[in-house]
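Let me begin by presenting the structure, written as structure tokens, before commenting on it.
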Amino acid sequence: MAEREVDRSVSQTVKAQLALRDQILSGALRPGERISELQAVETTGASRTPVRMALVRLEEEGLLEAIPSGGFMVKAFSERDISDSIELRGTLEGLAARFAAERGVSARELEPLKECLAAIDELLGQVPISIEAFSSYVTLNARFHALLTELSRSPPLVRQIDRASALPFASPSGFVMAQSALPEAQQILIIAQDHHRVVIDAIENREGARAEAIMREHARLAVRNLRLALRNRTHLDLLPALALIKTATD
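Spelled out as structure tokens, the structure:
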């Protein structure tokens, strides 16, 4: 019975965490807005203990900050915060690519990555790319990065990449939907896809330094895309969470 109660509490915590994160990233909760425990109980439908744990987890993720007087506040981020987080992920993914290249990867192990590559090529063949295709790209791109990370065969590194990717806006597809409204959107994805293709080639040829450099450059492309998205906020409906990011002119 006690074990069942613990499982239920964990499930409620996850449910509350996901619900609150969605409220923040959808723009329902604004930067600087205070969230009390009682308010979170009412909006998520979870009981107080799981909600309290969910709020602490969101603070650890960086989406909330604790208020000395009690409760939490939705955090705002600087452009530098986000670019640093993306650079961190890129550094770790570069290490994963180097490990994969130097430790050796079989053709069979590379096959899922190549299938992912082919699926993205098919999406990019659309002119113009539809919103639905951008959404599919987000899924496929996340899969590509996850598969690449696993090829490192380094559980400690995989854990660190997962942690880095969970930082606000630092995931591989953090700004793809915001880019979809930009005139250069298709070209951005074509460049990113070229990085994907070249890193697979480097891993196949066991060129560790080259594979690492490509993934670090891939992250720098994401930083450039962040700046483009922040300069073009006219389509906030595509990524309401952009409102959490302060630029130098804000």
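Each residue of the sequence shown is one higher than the one before, starting from 17 at the first, in our numbering.
Glycine residues also receive a C-beta, built at the ideal position from the N, C-alpha and C atoms.
- Taking every protein chain shown into account, the CB of residue 141 has fewer than 16 other CB atoms within 10 angstroms, so this residue is exposed.
- Cβ-Cβ distances below 7 Å link residue 152 to 139 in the same chain, with the five nearest sequence neighbours on each side left out; the list follows chain order.
- C-alpha of residue 244 to C-alpha of residue 102: approximately 15 Å in a straight line.
- Under the three-state reduction of DSSP, residue 262 is assigned to strand.
- Secondary-structure assignment with DSSP links residue 81 through a beta bridge to 89.
- Contact check between the segment 148-164 and the segment 76-93: fewer than three CB pairs, one atom from each, fall below 8 Å, which does not count as touching.
- In the three-state scheme derived from DSSP, where H, G and I count as helix and E and B as strand, residue 50 is classed as strand.
- Membership of residue 62 in any alpha helix (DSSP H) is not indicated, and neither H nor E is assigned to it by DSSP.
- Ranked by Cα distance from residue 200, the options 259, 73, 143 and 61 are led by 143.
- Residue 215 is a Cβ neighbour of residue 113, given a cutoff of 8 Å.
- The beta carbons of residue 75 and residue 82 sit about 6 Å from each other, so the pair counts as a contact at 8 Å.
- According to DSSP, residue pairing for residue 94 in a beta bridge involves 262.
- A contact between stretches requires three or more CB pairs, one per stretch, nearer than 8 Å, and the segment 56-73 meets this requirement with the segment 27-42.
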